[in-house]
Amino acid sequence: MISEKLQSAINEQIAMELWSANLYMAMSFYFDRNGFQGCSSWMRKQAIEETEHAYEMAGFLTKRGGVPVVEQIPEVTNHWDSPMEAFKNVYLHEGHISKRIDHLLELAIEEKDNAAQDFFWKFVREQVEEEATVSGILDRMKVAGDSSILYVDTQLGQRQ
36 MISEKLQSAI
46 NEQIAMELWS
56 ANLYMAMSFY
66 FDRNGFQGCS
76 SWMRKQAIEE
86 TEHAYEMAGF
96 LTKRGGVPVV
106 EQIPEVTNHW
116 DSPMEAFKNV
126 YLHEGHISKR
136 IDHLLELAIE
146 EKDNAAQDFF
156 WKFVREQVEE
166 EATVSGILDR
176 MKVAGDSSIL
186 YVDTQLGQRQ
């Protein structure tokens, strides 16, 4: 059985994962309307991944006797001044998510919930990869300058 405190925190994270999905969907639309189909495709896959995270967390809650809920999801921004700004926003957002996941792990440790600790370690490891991936994209964009977005767009369009 999962504690009420941990259930509440996971439900908050479910809402955050869905907010993240909406953010990446909005970015996908932004890239698509600006002619960057590769970046649009990459963001669309990010949005799907975030939705899958919400389902994973809901499934975990259910297995532990908890009740997953979908809370109200606040509106996301729909405009960025440049592709670089959008990816900087992604990097900052992923850092924020990492801190939230760390908090969930700390809460699971505090609650002495070994199953939850094991569950959250997967997300801790995934966040390391997410931040590194976006950092690498930003590094490539910085090194190549403004014209790099065409190269980055082509590469991101190849994501499986």
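Its first residue numbered 36, the sequence shown is counted upward by one per residue in my numbering. Virtual Cβ for every residue (Gly too), placed ideally from N, Cα, C. Being a predicted model, the structure only gives us computed values, none of them experimental.
### Task
Excluding the 5 residues preceding and the 5 following PHE158 in the sequence, name in chain order all residues of the same chain whose CB lies nearer than 6 Å to its CB.
If you number the sequence shown from 1, residue 158 lands on position 123. Excluding sequence neighbours, PHE158 sits near ILE136.
### Query
ALA179 CB to nearest chain C CB: under 8 Å?
No chain C appears in this structure, which consists of one protein chain only.
### Message
Suppose contacts are defined by Cβ-Cβ distances below 8 Å. Is ALA50 in contact with VAL111 by that definition?
### Response
Residue mapping note: residue 50 aligns to position 15 of the sequence shown, counting from 1. Residue mapping note: residue 111 aligns to position 76 of the sequence shown, counting from 1. It is not a contact, given that the beta carbons lie outside the stated cut-off.
### Message
What does the alpha-carbon distance come out to for the pair GLU166 and ILE132?
### Response
Sequence index remark: in the sequence shown, residue 166 carries index 131 (1-based). Sequence index remark: in the sequence shown, residue 132 carries index 97 (1-based). For GLU166 and ILE132, the gap between their C-alpha atoms comes out near 10 Å.
### Query
From ILE172 to PHE122, what distance separates their C-alpha atoms?
Position 137 of the sequence shown holds residue 172. Position 87 of the sequence shown holds residue 122. For ILE172 and PHE122, the distance between alpha carbons rounds to 8 Å.
### The alpha helix (DSSP H) enclosing PHE122, as first and last residue numbers
Counting from one through the sequence shown, the residue named residue 122 turns up at place 87. Looking at the DSSP string, the run of the alpha helix (DSSP H) that includes PHE122 is 118 to 145.
#### Entry: Candidates ASN149, ARG175, ALA56, of which the one nearest ILE37 by Cα
Along the sequence shown, read from residue 1 onward, the residue named residue 37 stands at position 2. Considering only alpha carbons, the answer is ASN149.
### Query
Grouping DSSP H, G and I as helix and E and B as strand, with all else coil, what is SER76?
Numbered from 1 along the sequence shown, position 41 holds the residue referred to as residue 76. Of the three classes helix, strand and coil, the one that applies to SER76 here is helix, per DSSP.
### Message
Residues in the same chain with beta-carbon distance under 6 Å from GLY101, minus the five sequence neighbours each way, listed in chain order, please.
### Response
Here the question's residue 101 lines up with position 66 in the sequence shown. Excluding sequence neighbours, GLY101 sits near ILE37, GLN42.
### Proximity test, ALA93 beta-carbon vs the ligand PLP heavy atom, cut-off 7 Å
For the ligand PLP, the structure offers nothing, since it holds no ligand at all.
### DSSP-derived helix/strand/coil call for ASN149
Taking the sequence shown and counting its residues from 1, one reaches residue 149 at position 114. Helix.
### Message
One question on the structure: do GLU52 and MET92 come within less than 8 Å of each other, judged by their Cβ atoms?
### Response
Start at 1 with the first residue of the sequence shown, and residue 52 comes out as number 17. Start at 1 with the first residue of the sequence shown, and residue 92 comes out as number 57. In this structure, MET92 lies closer than 8 Å to GLU52 by Cβ.
### Message
Determine whether the beta carbon atoms of ALA44 and LEU142 lie at a separation below 8 Å.
### Response
Counting from one through the sequence shown, the residue named residue 44 turns up at place 9. Counting from one through the sequence shown, the residue named residue 142 turns up at place 107. Contact flag set, yes.
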